[in-house]
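Residue numbers (our numbering): 5 to 183. Structure first, then comments.
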Amino acid sequence: MSRVAKAPVKHAANVEVTVVDGEVTVKGPKGTLTQKINRLVSITKNTEANQLEFAPAANDPKAWAHAGTARALISNMVHGVTEGFVVTLELVGVGYRAQAKDKSISLALGYSHPIEYELPKGVTVETPNNTTIVLKGVDKQILGQVASEIRAFRPPEPYKGKGIRYAGEVIARKEAKKK
């Protein structure tokens, strides 16, 4: 049984939540997000307390699991349209550089060519310096996917630690072979 589903999702008064035919739409100051919810989950809006309550349609473990997942997704949507999400990537290595453009980012990662990565709609990028990438967006899933794809161009290697890493990520280092 999911304990996550038992906690209600509270939202600010300036956030509008609509539930129609298993589709939840959340509108806030930073944008609008929509998510389809499994039919095994019932969502109750409590307008006086500005919160959403989740319950399984049937009392079986699969329905509880779907209710917990739905609650987590809606909670992330509410957080995204009110405050937004930020992911920071660090480039470690000699000559590794990033440069933000309008809707893309140019990466120099030691290859013979620069890598141009087009950002999807809803994701913005900043480069405070040429070895730091700051990604911002309202949709946590898309933002995480973009960060993962950028990191995959040059993942951190375990011997020298060079590559693209998340801010605060600890890389397990290996010792080089000795004669």
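The beta carbon of each residue, even a glycine, is placed where N, CA and C say it ideally should be.
Euclidean distance between Cα positions of residue i and residue j
i: residue 27; j: residue 42; result: 9 Å
i: residue 162; j: residue 95; result: 15 Å
i: residue 78; j: residue 69; result: 14 Å
Contacts around residue i, its chain only, beta-carbon distance under 8 Å, and the 5 residues preceding and following it disregarded
i: residue 61; result: 43, 44, 45, 46 and 67
For residue i, three-class secondary structure by DSSP
i: residue 7; result: coil
i: residue 29; result: strand
i: residue 49; result: strand
i: residue 131; result: coil
i: residue 60; result: strand
Chain-order list of residues whose beta-carbon lies under 7 Å from that of residue i (same chain, five-residue window excluded)
i: residue 20; result: 31
i: residue 130; result: 104 and 138
Distance CB(residue i)-CB(residue j) smaller than 9 Å
i: residue 33; j: residue 86; result: yes
i: residue 102; j: residue 110; result: yes
i: residue 49; j: residue 8; result: no
i: residue 14; j: residue 54; result: yes
i: residue 184; j: residue 84; result: The requested residue 184 is not part of the displayed model; the chain covers only 5 to 183.
i: residue 128; j: residue 100; result: no
Cutoff 6 Å; reference residue i; Cβ partners in own chain excluding five residues on either side
i: residue 92; result: 138 and 171
i: residue 175; result: 160 and 165
Residue-level contact to chain C via CB, residue i, 9 Å cutoff
i: residue 120; result: This model lacks chain C altogether; it includes just one protein chain.
Cβ-Cβ separation, residue j to residue i (assumed contact under 8 Å), whole Å
i: residue 157; j: residue 113; result: 6 Å
i: residue 97; j: residue 167; result: 7 Å
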